[in-house]
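Student: First residue of the sequence shown? That's 23 in the working numbering, and the numbers climb one at a time after it. Where is the CB? At the ideal position from N, CA and C, for every residue including glycine. Since the model is a prediction, treat every value here as computed from it, not as a measurement. Dumping the structure here so I can ask a few things about it.
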Amino acid sequence: MAGNSSGPRDTWGSKAAFILAAAGSAVGLGNIWGFPTVAAQNGGGAFLLVYLLCVVLIGAPVMLAELAIGRHTQRNPVGAFRALAPGSAWVAVGALGVVAGVVILSFYSVIAGWTIAYIFKTITGAFGPGADTAAIFAGVAANPTSAISYHLLFMAITILVVVGGVRHGIERWTKVLMPGLAALLLLLVFRAVTLSGAGEGLAFYLRPDFSQINGSVFLAAAGQAFFSLSLGMGAMITYGSYISKKDDLASSALYVTAFDTAIAVFAGLLIFPTLFHAGLEPGAGGPGMVFVVLTSLLGTIPPAPWGGTIFGTMFFALLFIAALTSSISLLEVGTAYMVDEKGMSRKRAAWILGITAFVLGIPSALANGAVSWLSSLPGIGTDFLSFLFAVFGQYALVIGALFISIFTAWIWGTRKAAEEVRSTDGKFPLETVWVFLIRFLCPIAIILILINLVQSLM
Ligand code: TRP
Numbered sequence: 023m024a025g026n027s028s029g030p031r032d033t034w035g036s037k038a039a040f041i042l043a044a045a046g047s048a049v050g051l052g053n054i055w056g057f058p059t060v061a062a063q064n065g066g067g068a069f070l071l072v073y074l075l076c077v078v079l080i081g082a083p084v085m086l087a088e089l090a091i092g093r094h095t096q097r098n099p100v101g102a103f104r105a106l107a108p109g110s111a112w113v114a115v116g117a118l119g120v121v122a123g124v125v126i127l128s129f130y131s132v133i134a135g136w137t138i139a140y141i142f143k144t145i146t147g148a149f150g151p152g153a154d155t156a157a158i159f160a161g162v163a164a165n166p167t168s169a170i171s172y173h174l175l176f177m178a179i180t181i182l183v184v185v186g187g188v189r190h191g192i193e194r195w196t197k198v199l200m201p202g203l204a205a206l207l208l209l210l211v212f213r214a215v216t217l218s219g220a221g222e223g224l225a226f227y228l229r230p231d232f233s234q235i236n237g238s239v240f241l242a243a244a245g246q247a248f249f250s251l252s253l254g255m256g257a258m259i260t261y262g263s264y265i266s267k268k269d270d271l272a273s274s275a276l277y278v279t280a281f282d283t284a285i286a287v288f289a290g291l292l293i294f295p296t297l298f299h300a301g302l303e304p305g306a307g308g309p310g311m312v313f314v315v316l317t318s319l320l321g322t323i324p325p326a327p328w329g330g331t332i333f334g335t336m337f338f339a340l341l342f343i344a345a346l347t348s349s350i351s352l353l354e355v356g357t358a359y360m361v362d363e364k365g366m367s368r369k370r371a372a373w374i375l376g377i378t379a380f381v382l383g384i385p386s387a388l389a390n391g392a393v394s395w396l397s398s399l400p401g402i403g404t405d406f407l408s409f410l411f412a413v414f415g416q417y418a419l420v421i422g423a424l425f426i427s428i429f430t431a432w433i434w435g436t437r438k439a440a441e442e443v444r445s446t447d448g449k450f451p452l453e454t455v456w457v458f459l460i461r462f463l464c465p466i467a468i469i470l471i472l473i474n475l476v477q478s479l480m
């Protein structure tokens, strides 16, 4: 089992298995639910452009930094910082990651719970032509018993997989998921772009309106990029710690980044044409927007109603598995910490942290119509789930990524980090580019983004 103090550390079965598992962590609700939601609220095309810039210039280099730290130290984030900078305050960055992981898991599981509910809804043919998809969403998410039960169910499944350990739990799931999700997404994109009104949606999504680009778009884009790539809280440090010394880090980081980004871009191609076809307002939707919009597509898939039932059920089943392979990595970070640093058994650690995340997630489960003040926080205006997503799913990750890049560049040092990357076969083709990005561009860009955030709060 992974990271047990007795016996050697568990590793991935092969490089392909690692890439699949890391891609499994990255691809999840962040791509299909988060990306279109944040893009819609930040001007569509303008957001897409800034997002892609953030992925290439900040996301990919930080991904490689995390993987290098993880493989070099063979530790969870807290242990990794402790090993590379003993006795320093850097362990706090690892600790922030452990906390962020549990908090993100708390609301992630709520949304993932909706995907389980939607598997049952679609399979029973709830989304025929003309179905009131907003009312169906409210029936799932605004009903406290339903919202909390599905949240509980999803969390229990996550805990059980993490208890099983790295090789047997995570790998097995991811191998089946990835190709299936990509293929189904493409099919649905074909349907979406051929709808009436799709052109308007494509224009909103693909034609940047440069006047919309401002500091808050950058913050949203950077935060979303880190969330989607599972960066900024040590998940990739933890996954990197299970990579064998034989596997090439640089190309793994690139594959995972490219795959994750492609899935998010496809999700946009699916959601925006459908949204405009249905005559909805892009900026208006909260956490339920994607569920309401996606299911309105199902009624348009021939032959009605079977087409929508079949594709819809497959889609939500795959989305559920995608969410599961991501939630596993959220729970794995804290679990690896408790096992490595506190000598706890994997089983006990996963249950304690998972139950904590379940309890923390209850207010998020009630924030989508079930309890009115949680659904629109006094003085803040957004619902509790969106608030946690912003604070822990975006700002905390931006700050975590800042520290990780400064640490890699200036404390551990790019020379040693590059040695770790090169240790496989002596090659690191984009080394100079990476060194420049991780030393200068990443920290400076993130600091500018944060200054802008602080100013906007004042
Ligand atoms: N990246 C996942 C998604 O897009 C969510 C996730 C998993 C995550 N592990 C993470 C986000 C670690 C931040 C950090 O759905």
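1. Under a Cβ-count criterion, where at least 16 other Cβ atoms within 10 Å of its own Cβ denotes burial, should SER27 be classed as buried or exposed?
2. For ligand 1, I want to know if ALA82 counts as a neighbour, meaning its beta carbon is within less than 6 Å of at least one of the ligand's heavy atoms.
3. Assuming GLY422 contacts MET255 (C-beta within less than 8 Å), just tell me the rounded distance between them.
4. Let me know the secondary structure DSSP gives ALA300 once reduced to three states.
5. Would you call the stretch 69-88 and the stretch 296-314 touching, i.e. three or more CB-CB distances under 8 Å?
6. Return the residue from the list PHE338, SER386 and ALA43 that minimises the CA-CA distance to PHE149.
7. How should SER47 be labelled, buried or exposed, when 16 other C-beta atoms within 10 angstroms of its C-beta is the threshold for buried?
8. Is it buried or exposed for ALA24, if we count other Cβ within 10 angstroms and need 16 for buried?
9. For the alpha helix (DSSP H) holding ILE183, just list the boundary residues, first then last.
10. Three-state secondary structure (DSSP) at THR146?
11. Got a sec? Which residues, its chain only, sit under 7 Å from PHE462 by beta carbon, not counting five neighbours each side?
12. Taking the alpha-carbon of ILE503 as reference, which of SER273, GLY383 and THR155 has the nearest alpha-carbon?
13. Quick one: residues in its chain with C-beta nearer than 7 Å to the C-beta of VAL100, no 5 flanking neighbours on either side, listed in chain order?
14. Is it true that the CB of ILE460 sits closer than 7 Å to the CB of PRO151?
15. By alpha-carbon positions, which one of LEU472, ALA431 and PHE281 ends up nearest to THR454?
16. Alpha carbons only, please: which of VAL413, VAL361, SER386 and LEU419 is nearest the one belonging to VAL185?
17. Please classify ILE235: does DSSP put it in a helix, a strand, or coil?
18. Between LYS369 and SER318, what straight-line distance do the alpha-carbon atoms span, to the nearest angstrom?
19. Counting only the same chain and skipping the five closest in sequence on each side, list residues whose C-beta sits under 6 Å from that of MET177.
20. Would the beta-carbon of SER171 be found less than 6 Å away from any heavy atom of ligand 1?
21. What whole-angstrom Cβ distance do LEU217 and THR322 have, given they're in contact under 8 Å?
22. Where does VAL72 sit, in a helix, a strand or coil, going by DSSP?
23. Are GLY202 and LEU340 closer than 7 Å when you measure CB to CB?
24. Taking the Cβ atom as the reference point for each residue, do VAL315 and LEU297 lie within a distance shorter than 7 Å?
25. Hey, how far is the Cα of PRO400 from the Cα of ALA389?
26. How close, in whole Å, do the beta carbons of ALA139 and SER110 come, if the pair is a contact with beta carbons under 8 Å?
27. Would you call ALA157 buried or exposed, if buried means 16 or more other Cβ atoms sit within 10 Å of its Cβ?
28. Between the stretch 342-357 and the stretch 209-225, are three or more C-beta pairs nearer than 8 Å?
29. Measure the CB-CB distance between PHE429 and ALA440 and report whether it falls below 7 Å.
30. Tell me the rounded alpha-carbon separation between LEU486 and GLY403.
31. In this structure, how does DSSP classify THR216 when only helix, strand and coil are distinguished?
32. LEU424 to LYS267, Cα distance in whole Å?
33. Cutting at 8 Å between CB atoms, please list the residues of its own chain near LEU271, excluding the five before and the five after it.
34. Can you name the start and end residues of the alpha helix (DSSP H) that PHE337 belongs to?
35. Within 6 Å: the Cβ of SER110 and any heavy atom of ligand 1?
Tutor: On the basis of the coordinates in this document:
1. Low per-residue confidence applies at SER27: pLDDT is 41, beneath 50, and the placement is therefore not dependable enough to give any value.
2. no
3. 5 Å
4. coil
5. no
6. PHE338
7. buried
8. Low per-residue confidence applies at ALA24: pLDDT is 40, beneath 50, and the placement is therefore not dependable, though the value from the model is reported in the following sentence. ALA24 comes out buried.
9. Per the sequence shown, residue 183 should be read as Val rather than Ile. That run of the alpha helix (DSSP H) goes 166-185.
10. coil
11. none
12. Residue numbering for the chain in the displayed model covers 23 to 480; residue 503 lies beyond these limits and cannot be assessed.
13. VAL113, GLY116, ALA117, VAL120, TYR359 and GLU363
14. no
15. ALA431
16. VAL361
17. coil
18. 41 Å
19. SER131, GLY376 and PHE380
20. no
21. 6 Å
22. helix
23. yes
24. yes
25. 12 Å
26. Not a contact, Cβ separation roughly 46 Å.
27. exposed
28. no
29. no
30. Residue numbering for the chain in the displayed model covers 23 to 480; residue 486 lies beyond these limits and cannot be assessed.
31. coil
32. 27 Å
33. LEU86, LEU89, ALA90, ARG93, GLY262, ILE265, GLU442, VAL443 and THR446
34. 328-364
35. no
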